[in-house]
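Numbering (the UniProt record's numbering), first residue to last: 1 to 370.
Cβ atoms here follow ideal geometry from the backbone N, Cα and C, with glycine treated the same way.
All figures in this text were calculated on a predicted structure; none of them were measured in a lab.
Note sheet for the following structure.
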Ligand code: SF4
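Shown next, in the form of structure tokens:
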């Protein structure tokens, strides 16, 4: 008689490693723990709460603007901050602040999402537009300059637009949805470009404390994959699933800007994702390394002043936005780009960044140089 065929045992459902009661729904990218949805919500929100408390990001009674693009990061930030504000009695007045760059087919659609978020979360919304602030939309700028350097204009204008919008709202701070992956990418890019000034501040959880409106990053240690990940049940489906936003059924906008150059940051991002695949802690390690950099006292740092033209903070006679705007208005859009000779110092000196490097653009929008 032949031996009975031994059938391989079928693995049973994996239990949540935190509560041991429910089925695991995902593997946490940060810790590789297999956990259920409920425990995921709890640890995800609790970690952000700890970041807020340990770093004293907010004080009771403060007015806080949340930079809201309608994308996954800022949508989750708005949702989580309003939840934590209620649950832990932060005592904050929260607002949504959006920038309308004037990009037809992209920003007009994403602003519709933010308008819905305004109602869903009960947070008042303020929208500032490039057209109103600068007299130009990005559509008009791209028509003039083409698809090269468009993000330099957009990033410089957005940074100032957010500050101006925050001033209109009379808020004490601006909270942005930059996550751990964004910050690790910025650390790497600033090292590669030798940008000492930005390297020294890109890991700070609060920046601009000496300026008009400080900015803070409550998602500094939040992995993008905890906002965007593949839950088990969707592993065969190669479409991205937005984990927290997806499980919570949050209303977000996921289309890329039609003027996105794609190449920016792609390099650093891919490298970080490769490292993360081998060692998930790599993202946090890069951030920690960035925090540990000490700038030599002999390194010359740009001195902060104000723009002679508009009064915005600047280390030059005119701020970068005014230089770019002057170029546009004079039909010389290259005036403020890179090493082009420009307006600061009366055409005698170039208008590159004070430390000699160009802005680093974020994955989709604006700069992370704060
Ligand atoms: Fe502006 Fe971002 Fe579009 Fe570039 S990708 S044009 S920075 S919205």
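Taking all protein chains shown into account, residue 101 has 16 or more neighbouring C-beta atoms within 10 Å of its C-beta and is therefore buried.
A straight line joining the alpha-carbon of residue 45 with that of residue 194 spans about 35 angstroms. Taking C-beta atoms as the reference points, residue 66 and residue 184 fail to come closer than 7 angstroms. Within the same chain, 133, 312, 319 and 321 come within 8 angstroms of residue 160 by CB-CB distance, once the 5 residues on both sides are set aside. Judged by their CB atoms, residue 207 and residue 215 are nearer to each other than the 7 angstroms cut-off. By the criterion of at least three beta-carbon pairs nearer than 8 angstroms, the region 77-95 is in contact with the region 43-60. As DSSP reads the structure, residue 126 sits in a beta bridge with 97. The beta carbon of residue 145 lies closer than 6 angstroms to those of 333 in the same chain, with the five residues before and after it left out. Non-local beta-carbon contacts of residue 29 in its own chain, meaning distances under 8 angstroms to residues more than five positions away in sequence, involve 223, 225, 226, 229, 276 and 280 in chain order. Around the CB of residue 19, fewer than 16 other CB atoms lie within 10 Å, so the residue is classed as exposed. As the crow flies, the alpha-carbon of residue 174 is around 32 angstroms from that of residue 274. Between the region 138-156 and the region 110-125, the count of Cβ pairs shorter than 8 angstroms is below three; the stretches do not touch. Counting along the chain, the unbroken beta strand (DSSP E) around residue 64 starts and ends at 63-67. Residues 45 and 48 of the same chain have their beta carbon placed closer than 7 angstroms to that of residue 80, with the five preceding and five following residues left out of the count. Residue 17 and residue 96 have their C-alpha atoms spaced approximately 36 angstroms apart. If you compare the alpha carbons of 180, 210 and 310 with that of residue 290, the shortest gap goes to 180. Counting only residues of its own chain and dropping the five nearest sequence neighbours on each side, residue 187 has a CB closer than 8 angstroms to the CB of 199, 202, 203, 286, 287, 289 and 290.
DSSP, reduced to helix, strand and coil, places residue 26 within a strand of the structure shown.
In the DSSP assignment, residue 173 falls within the beta strand (DSSP E) that extends over 173-175.
Note on residue 190: 16 or more other CB atoms within 10 angstroms of its CB, so buried under the neighbour-count rule. Sixteen is the threshold: when 16 or more other Cβ atoms of the shown chains lie within 10 Å of the Cβ of residue 110, as they do, the residue is buried.
Using a 10 angstroms sphere on the CB of residue 267, the tally of other CB atoms stays under 16, which defines it as exposed. Less than 7 angstroms separates the beta-carbon of residue 213 from that of residue 166. Exposed is the label assigned to residue 296, since fewer than 16 other Cβ atoms lie within 10 Å of its Cβ.
At least 7 angstroms separates the beta-carbon of residue 260 from that of residue 177. Relative to residue 164, the option among 284, 127, 196 and 76 whose CA is nearest is 127. Of the other Cβ atoms in all chains shown, fewer than 16 fall within 10 Å of the Cβ of residue 21; this residue is therefore exposed. Taking C-alpha positions only, residue 155 is separated from residue 250 by approximately 27 angstroms. Within 6 angstroms of the C-beta of residue 260 there is at least one heavy atom belonging to ligand 1. In this structure, the alpha-carbon of residue 329 lies about 12 angstroms from that of residue 336. Between the beta-carbon of residue 172 and that of residue 62 there is about 4 angstroms, and that keeps the pair under the 8 angstroms contact cut.
For residue 294, same chain residues with a beta-carbon under 6 angstroms away, outside a window of 5 residues either side, do not exist. Under a 10 Å Cβ-count criterion, residue 69 is classified as buried, with 16 or more other Cβ atoms of the shown protein chains found around its own Cβ. The C-alpha of residue 116 is placed about 42 angstroms away from the C-alpha of residue 302. For residue 298, the number of other beta carbons within 10 angstroms of its own is below 16, and it is reported as exposed. Per DSSP, the unbroken alpha helix (DSSP H) holding residue 287 starts and ends at 282-292.
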